[in-house]
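Below is one structure, written out as structure tokens; comments come after it.
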Amino acid sequence: MHMYIHVCTEEGFIHKCSCSYNEQFLETYSGHNGPVYRVMWHSLFNDLFLSCSSDWNICLWHQDKSKPLHTFQATQKQESVKAGSQSGRRKTGTDDRLVDHSSQEAVWSIDWSPHDPTVFGCVRGSRIEIWNMKHNVLDPLIVHKPLSGTRQTFIKFSHNSDVILVGDYKGEVSVFITKNTPPCPANKMQAMSDVLASLESSKK
1 MHMYIHVCTE
11 EGFIHKCSCS
21 YNEQFLETYS
31 GHNGPVYRVM
41 WHSLFNDLFL
51 SCSSDWNICL
61 WHQDKSKPLH
71 TFQATQKQES
81 VKAGSQSGRR
91 KTGTDDRLVD
101 HSSQEAVWSI
111 DWSPHDPTVF
121 GCVRGSRIEI
131 WNMKHNVLDP
141 LIVHKPLSGT
151 RQTFIKFSHN
161 SDVILVGDYK
171 GEVSVFITKN
181 TPPCPANKMQ
191 AMSDVLASLE
201 SSKK
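In full-length UniProt numbering, the protein residues as written are 1 to 204.
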């Protein structure tokens with residue numbers, strides 16, 4: 001359990017705070033150029049967290065470093081995931097079209113996959129993205145835009161299945177099932193360690 005509180009700000013900073021030192025910030029993380037909406041800690045690597053912002057970016061951080069380990073921003077052309085969705089009493093069909101969206105939209109929410117330590121999801125504008133850092137840190141593995149085209153504001157992985165819950169600004173929740181994704185690594189700790197080593201070596 002973390003002994004600190006990490007606070008998102010409208011200025012793009014993330015402040016590390018403690019109730020024991022309430023007169024100053026213990027650390028300030030600088031990597032975003034707009035309001036930061038959410039911070040999510042990694043379940044296995046307790047020093048790692050993700051942040052998302054209105055500046056279109058997702059940052060991966062180590063809590064002992066004030067600059068991000070990596071910044072994720074999707075390119076403009078991606079392929080939609082084949083997925084069914086059920087929202088309330090309304091059921092939508094499968095959307096298998098190629099999509100060509102601008103990545104220059106705010107990232108409202110992020111979540112780590114509880115099944116694969118190298119995977120996280122986010123909602124960017126009206127689309128859903130699933131990233132697999134083991135396979136690619138430049139583009140998401142999956143991009144899906146629901147037929148409704150509604151701005152998505154929240155994403156959450158299920159701990160018991162391959163289901164992802166996504167909420168939108170209208171208050172509706174959609175249920176998605178991921179299919180044909182790469183298998184989870186046998187050694188989860190080693191898989192994430194390899195990703196971190198690769199990110200570190202790419203900066204040299």
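We treat Cβ as the ideally placed atom computed from N, Cα and C, and that holds for glycine.
In this text the structure is predicted, and so the values were computed from the model without any measurement.
Margin query: Let's test the definition: count the other Cβ atoms within 10 Å of the Cβ of Cys-59 and tell me whether it reaches 16, buried, or not, exposed.
Written below: Buried, since its Cβ has 16 or more Cβ neighbours within 10 Å.
Checklist line | Helix, strand or coil at Gln-104 according to DSSP, with G and I counted as helix | finding: Look at Gln-104 here: in three-state DSSP terms it is coil, with no helix or strand label.
Next item on the list: Quick one: using the 10 Å Cβ neighbour count with 16 as the cut-off for buried, is Cys-19 buried or exposed?
Entry: exposed
Checklist line | Unbroken beta strand (DSSP E) run spanning Gln-152, endpoints | finding: 152-157
Next item on the list: Using alpha carbons as the reference points, say which of Glu-10, Gln-63 and Trp-131 lies closest to His-144.
Entry: Trp-131
Notebook entry, point to check: Rounded to whole angstroms, how far is the Cβ of His-42 from the Cβ of Pro-114, which I believe are closer than 8 Å?
Noted result: So it is not a contact: roughly 11 Å between Cβ atoms.
Next item on the list: May I ask which residues mark the beginning and end of the alpha helix (DSSP H) holding Leu-199?
Entry: 188-202
Item checked: Whole-angstrom distance between Ser-202 and Arg-127, CA atom to CA atom -> 29 Å
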